[in-house]
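I have placed the structure first, in the form of structure tokens, so that the comments after it can refer back to it.
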Amino acid sequence: MKALLFLGCTVPVRNLNYELSARKVCQALGVELVDDPALACCGYPLKGSDQGHALVIAARALAQAKAHDLPLVALCSACAGTLAEAEHHLAHDPAAAEAVNRELEPLGLKYEPGARVNHLMRFLLSEVGLEAIQAKMSKSLEGFSFAPHYGCHYLKPAEVIGGLDDPENPQSMGQLIAATGARAVSHPRLKDCCGGGVLGADEELAGSLAGAKLAELNELGVTAMVLVCPFCNVMYEGQQKAIAKRLDTKFKVPVVYLTQILGLGLGLSPDEVGLKLNRVKPKELIKAFKE
Amino acid sequence: MRLNDCDPGFKHQVAAEPGGEGIRVCFGCAACSARCPVGANRPEYDPRRIIRAALLGRREEVLASPLIWLCSSCYTCGEVCPQGVRFTDVLTAIKNIAARAGHAPPSARITAELLAKQGRLLEVTEFENDKRAELGLPPVEQRPHDFQSILGLEPPPEGGEGEGA
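Chains A and B are the protein sequences, given in the same order.
Take the first sequence: its letters are residues 20 to 310, numbered as in my numbering.
Take the second sequence: its letters are residues 8 to 172, numbered as in my numbering.
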């Protein structure tokens, strides 16, 4: 099974632990990830102020994916969401597709409906399947507890992304966590937004959104919170210290990517899944899997 | 509020913008406001009030308000709206109109310039690719040409004043 990897802007520069573990997990599950250096930004950062150009940039990536005739999988939820929304919009609006193609023509590209866009986690669940993933697990993470953070663009808008998860009662990350033998913890702030979308506009506001969840998880004492998006990581791991300081409190909530714990379950070492690069490290987990 | 200060055409302008058409069907139930995580932390940010002000035609007040840039784009409002308004998209439409009227935050211009310069938001230098190579990851490239063409922006001059933006 093959898929075209959409790295986006943030992951290949700031989140090498996510990229490394995602590649290793795919390898272990028999999914071949194809790289195309021409793929770059998804358009999301421009959408708020210039959605016309943002759509052309997304359509550029969709046209490139179509040329490969491969499903497009993204590690970042904002990339996956933006590209899936663009495909949904353009496939249902021939006039918009025509307008986009006028911009793409000088680049030698043409948008045509039919690109298959997915987040890597949803792709693995729908194409490899939970049972097959579970069957490949060779090491148990029993005794550890993880709090999944679904984030927003992984689940919504349901009319574009929907099918696998109900945004009001998401299950997919919990199922993957449970497949490793670990316990997936549910909690009142499970569906909270990380606030990353407003970090640029208002740092204090963004921090109060993320801080409420961090405080709750700190209280619960989980092994780590589990992410599938680098934007959420900016808030929960990158900003964790600053947020605690602003809230005049102390918390230490280890943060991992879902691909990192899937990798440990698949028999990879902590180094192979990049746990050295995590900034708020799950020390007990690393200790248990060292050697 | 004076009705003479209102622009009854504003709602039509919003509705004509991609994603803005949902404003036509809002009946003001405030399900969006009830579930908005930004509003929970910043009560002055209230999706229903923003829609209401747009429907009333309070054009300048809406477009110049810093509040419209506080949406975290979590899409919760759209999931709970009984009318299918998709408030996130309506607000994107409003923000796009505001940006064309000169009200975009400075980050909007900087983002476009970075894309035209690098073809990606974050710069990739030898340093980044060395780190990637150490982990066995393939190099990433900067190919800004397509982005310059799409955005209609010239590449910044080498070593010129575009540095350090």
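Quick reminder that beta carbons are idealized off the backbone N, C-alpha and C, glycines included.
For secondary structure counted as the alpha helix (DSSP H) over 4 or more consecutive residues, the region 186-264 of chain A holds these complete runs in sequence order: 191-198, 222-239 and 249-252. Between the region 60-80 of chain B and the region 10-20 of chain B, the count of Cβ pairs shorter than 8 Å is three or higher; the stretches touch. When the beta-carbon positions are compared, A:P207 and A:T242 stay at least 8 Å from each other. When DSSP states are grouped into helix, strand and coil, A:S164 belongs to the strand group. DSSP places B:Y82 outside both helix and strand once states are collapsed to three, so it counts as coil.
Under the three-state reduction of DSSP output, A:L91 falls in the strand class. Taking 7 Å as the Cβ-Cβ cut-off, the region 210-232 of chain A approaches chain B at D211, C212, G214, G216, V217, G219, A220, D221, L224, S227 and L228, given in chain order. Between A:A198 and A:I152, the C-beta gap is smaller than 8 Å, which places the two residues in contact. Of all C-beta pairs linking the region 97-105 of chain A to the region 137-150 of chain B, fewer than three are shorter than 8 Å, placing the two stretches out of contact. The beta carbon of B:V69 does not come within 8 Å of any beta carbon belonging to chain A, so the residue lies off that interface. Annotated three-state conformation of B:V147 is coil, per DSSP.
Rounded to the nearest whole angstrom, the CA to CA distance from B:A60 to B:T132 is 47 Å. Against chain A, a Cβ distance below 8 Å from B:R139 picks out P31 and L35.
Taking 7 Å as the upper bound on Cβ-Cβ separation, chain B lies near residues P186 of the region 183-196 of chain A. Taking C-beta atoms under 8 Å as the contact rule, A:C248 and A:G170 qualify, at a distance of about 5 Å.
DSSP places A:L52 in the strand class (E or B) of the three-state scheme.
For B:S72, not one C-beta of chain A is nearer than 8 Å to its own C-beta. When only Cα atoms are considered, B:D53 and B:I101 end up about 15 Å apart.
For B:A106, the nearest beta carbon of chain A is closer than 8 Å to its own beta carbon.
By the C-beta criterion, the region 212-228 of chain A is judged to be in contact with the region 36-51 of chain B, since at least 3 inter-stretch pairs fall below 8 Å. Taking 8 Å as the CB threshold, B:A119 lines the interface with chain A.
8 Å or more divides the Cβ of A:L48 from the Cβ of A:A22. B:P89 and B:V69 have their C-alpha atoms spaced approximately 24 Å apart. When A:N237, A:M20, A:S68 and A:M192 are compared, the shortest CA-CA separation from B:I104 is found for A:S68.
In this structure the region 136-155 of chain A lies against the region 83-100 of chain A, because at least three pairs of beta carbons, one per stretch, are closer than 8 Å. Taking B:S40 as the centre and dropping the five residues before and after it, the same chain places the C-beta of G46, D53, P54 and R55 closer than 7 Å to its C-beta, in chain order. Per the coordinates, the alpha-carbon of B:A22 lies some 13 Å from the alpha-carbon of B:T95.
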